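Engineer: Please see the structure below; I have some questions.
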Amino acid sequence: MRQKDDLPFAATLNRLRLAEHTAEDIKTLKARVIKGSDYPSEALHIFSIRRNVNDHNEQMLHNLDHQTHRTVKSFTHIPPSVTTFDVNSKVADLPHTLELAPHARVMLIKNLDVNDGLVNGATGLLLDLIYNQNAKPPSLPKCVIVRFDDPSCGLLTQQASTISLNNYPQGTPIYPIEVQEHVGRSETSPQITRIQLPLVLCFACTIHKIQGATLKNVVMSCSNIRQPGMMYHTFWNSFT
């Protein structure tokens with residue numbers, strides 16, 4: 001139970017679930033409504049639609065030092081027999097281009113090592129991008145260094161790292177990975193191959209993406225809520 005240390009909030013959520021909420025429950029929720037810019041803008045923002053997520057991520061990245069921004073382009077191999085594939089399309093969920101910068105919030109989008117906590121949905125702070133000698137943006141970096149929000153994430157990877165992490169306390173190296181995806185539904189159809197970092201910006205994410213997570217400090221948008229229960233699921237994943 002995520003709200004085990006806040007039983008009154010848990011009781012409020014249970015009443016909401018059953019449509020038995022009280023006037024006091026509504027008062028509790030309204031006390032959390034924020035207006036204007038005086039709020040924890042660094043907290044994870046949760047939206048119902050992808051467009052709002054992208055807009056917020058781009059704005060927060062824009063607020064970081066422009067001189068540190070890095071464009072990361074994937075290596076993508078398209079077989080000669082494939083003539084209609086758009087290189088800007090995702091391949092097995094990996095984008096062709098990433099816009100990153102130190103101090104950006106990021107999220108893993110692939111399971112890298114379940115035993116080490118490096119799983120799809122793990123979030124953290126991007127500390128640095130490390131390039132091979134003579135390489136520079138927009139080529140792929142050798143790896144990026146991420147300090148995950150959960151200190152237990154990446155401990156095994158840190159211990160086995162061949163890269164010095166002395167300047168990156170609790171930093172975990174994340175390397176580009178290779179994925180393949182068939183063009184068409186047949187398993188015998190040609191495959192697109194992509195090598196890219198398995199992460200995305202995460203100053204914001206969708207309600208769908210945070211299901212199952214435990215969140216301590218979030219800002220939730222009530223705009224464009226299209227299905228009953230969407231906000232409830234967000235509340236349930238959060239602490240007061």
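In full-length UniProt numbering, the protein residues as written are 1 to 240.
Backbone N, C-alpha and C fix where the C-beta goes; we use that ideal spot for every residue, glycine too.
Since we're looking at a predicted model, the values are computed, not measured.
Verify whether the separation of the beta carbon atoms of T193 and V179 is less than 9 Å.
Structural biologist: It is a contact, given that the beta carbons lie within the stated cut-off.
Engineer: So the alpha helix (DSSP H) residue 251 belongs to, where does it begin and stop?
Structural biologist: Outside the modelled stretch of the chain, which goes from 1 to 240, sits residue 251, for which no answer is possible.
Engineer: First and last residue of the beta strand (DSSP E) that includes E178?
Structural biologist: 177-182
Engineer: Helix or strand or just coil, what does DSSP make of E20?
Structural biologist: coil
Engineer: What residues are listed by DSSP as bridge partners for H66?
Structural biologist: None; H66 has no bridge partner.
Engineer: Where in the stretch 146-210 do unbroken runs of the beta strand (DSSP E), each at least 3 residues long, occur, reported from the N-terminal end onward?
Structural biologist: 172-174, 177-182, 191-196, 199-201, 204-206
Engineer: Going by DSSP, name the residue or residues bridged to I130.
Structural biologist: C143
Engineer: Measuring straight from C-alpha to C-alpha, what distance separates K35 and V218?
Structural biologist: 15 Å
Engineer: For the pair the stretch 164-179 and the stretch 146-156, tell me if three or more CB-CB distances fall below 8 Å.
Structural biologist: yes
Engineer: Along the chain, where does the beta strand (DSSP E) containing F47 start, and where does it finish?
Structural biologist: 44-47
Engineer: Can you look up R32 in the DSSP assignment and give me helix, strand or coil?
Structural biologist: coil
Engineer: Rounded to the nearest angstrom, what separates D150 and L118 at their Cα positions?
Structural biologist: 10 Å
Engineer: With C-beta atoms as the reference, is D116 less than 9 Å away from T84?
Structural biologist: no
Engineer: Would you check if the stretch 21-35 and the stretch 68-86 touch, i.e. whether three or more CB-CB distances between them fall below 8 Å?
Structural biologist: Inter-segment contact for the stretch 68-86 and the stretch 21-35 is absent: fewer than three beta-carbon pairs are separated by less than 8 Å.
Engineer: Between E181 and V53, how many whole angstroms is the CB-CB distance? I'm expecting something under 8 Å.
Structural biologist: About 23 Å; that fails the 8 Å criterion.
Engineer: Under the assumption that G121 contacts V106 (Cβ atoms under 8 Å), give the Cβ distance between them as a whole number of angstroms.
Structural biologist: No, G121 and V106 are not in contact; Cβ-Cβ is about 12 Å, not under 8 Å.
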